[in-house]
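A quick write-up on the structure given underneath.
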Amino acid sequence: MTPPVRMPYAVTVDAGLRDLRTADHLLRTLAAGLALPEGGFGCTHLLRGERPRVVVSLASKSEADLDDVRAWSVSQGYEVTEGAPDAVGRAVLYRGADLLRGTTTVEEVLAVSAIDRVTVLGAAGGPGPATVLLTHAHVRPQWQSGELVLTAMPAAGGTLVPFEVPEPTPCCADH
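Quick note on numbering: numbering that gives the first Met the number 0 labels position 20 of the sequence shown as 19, and the sequence is numbered without any gaps.
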């Protein structure tokens with residue numbers, strides 16, 4: 000999720016969720032209701048095994064920032080554990096996430112948000128700074144080797160769109 004140098008304190012909340020959309024909603028509820036500090040991270044993590052589910056983690060520079068998250072989550076009957084479940088979380092809450100709406104450029108994404116790098120699916124090199132990104136107000140970078148990386152894919156007119164779309168079509172939707 001977050002490298003220790005950036006955010007040394009993290010807590011994982013397991014609410015028994017089965018999908019990313021519900022996990023995103025839980026993160027936004029936690030952030031709004033508990034006044035989480037700016038600069039922290041809220042991520043989703045896919046847990047596999049005999050009980051597949053989606054858990055959320057929140058990370059901060061201060062352990063005290065997470066006290067309300069722990070208390071509220073326990074009061075809801077959720078399982079709370081210290082630390083992040085893995086190092087590859089999908090970031091929902093991060094610095095600048097709310098600024099990435101509509102049409103922007105790769106340069107702007109890197110300047111206003113916690114995103115460290117933008118990659119293009121299937122391309123050897125990264126996009127140029129002036130490359131246009133159509134966000135659809137849904138930008139979900141992932142932690143990769145300690146960097147927050149947004150994977151994008153080519154779109155019409157030489158633009159890019161985030162790889163993860165806000166309203167994905169379910170597999171086999173027409174069957």
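Just so it is clear, CB atoms sit at the ideal spot from N, CA and C, and this is done for glycine as well.
Neighbourhood of residue i by C-beta distance below 7 Å, restricted to the same chain and skipping five residues each side
i: Leu216; result: Residue 216 cannot be examined here, being either before or after the span of the chain that is shown, 0 to 174.
i: Ala30; result: Gly41 and Leu92
i: Glu78; result: Asp13
i: Leu99; result: Val108, Ser112, Thr134 and Val138
i: Met6; result: Gly39, Phe40, Ala58, Ser59 and Lys60
Pick from the options that is closest to residue i, judged by C-alpha positions
i: Leu57; options: Val164, Arg89, Val119 and Leu98; result: Arg89
i: Val10; options: Phe162, Ala70, Ser112 and Val111; result: Ala70
i: Thr104; options: Ala129, Asp85, Glu37 and Ala110; result: Ala129
i: Thr43; options: Leu109, Met6, Ala122 and Trp142; result: Trp142
i: Thr28; options: Gly125, Glu37 and Val68; result: Val68
i: Asp115; options: Gly95, Val131 and Gly121; result: Gly95
i: Pro84; options: Asp18, Asp64, Lys60 and Arg47; result: Arg47
i: Leu19; options: Pro51, Gly121 and Val111; result: Pro51
i: Gln75; options: Gly156, Glu106, Gly15 and Gly157; result: Gly15
Burial state of residue i (16 or more Cβ within 10 Å)
i: Gly82; result: exposed
i: Gly39; result: buried
i: Ala22; result: buried
i: Asp97; result: exposed
Check whether residue i and residue j have beta carbons under 8 Å apart
i: Glu49; j: Tyr8; result: no
i: Leu25; j: Val73; result: no
i: Val119; j: Gly125; result: yes
i: Pro36; j: Asp66; result: no
Own chain, CB closer than 6 Å to residue i, minus 5 neighbours either side, in chain order
i: Pro161; result: Val138 and Ala151
i: Pro140; result: Ala90, Ile114, Leu147, Val148 and Leu149
Nonlocal neighbours in the same chain, by C-beta distance under 8 Å from residue i, ignoring five residues either side
i: Val164; result: His135 and His137
i: Ala154; result: Leu133 and Val160
i: Gly101; result: Leu133, Thr134 and Ala136
Boundaries of the alpha helix (DSSP H) in which residue i is found, first to last residue
i: Glu106; result: Val105 to Val111
i: Leu99; result: From DSSP, Leu99 is part of no alpha helix (DSSP H); its letter is neither H nor E.
i: Asp66; result: Asp66 to Ser74
i: His137; result: No alpha helix (DSSP H) holds His137; DSSP gives it neither H nor E.
i: Arg27; result: Leu19 to Leu33
Where the beta strand (DSSP E) through residue i begins and ends
i: Thr150; result: Glu146 to Pro153
i: Pro7; result: Where Pro7 is concerned, there is no enclosing beta strand (DSSP E), given that its DSSP letter is neither H nor E.
i: Val79; result: Glu78 to Glu81
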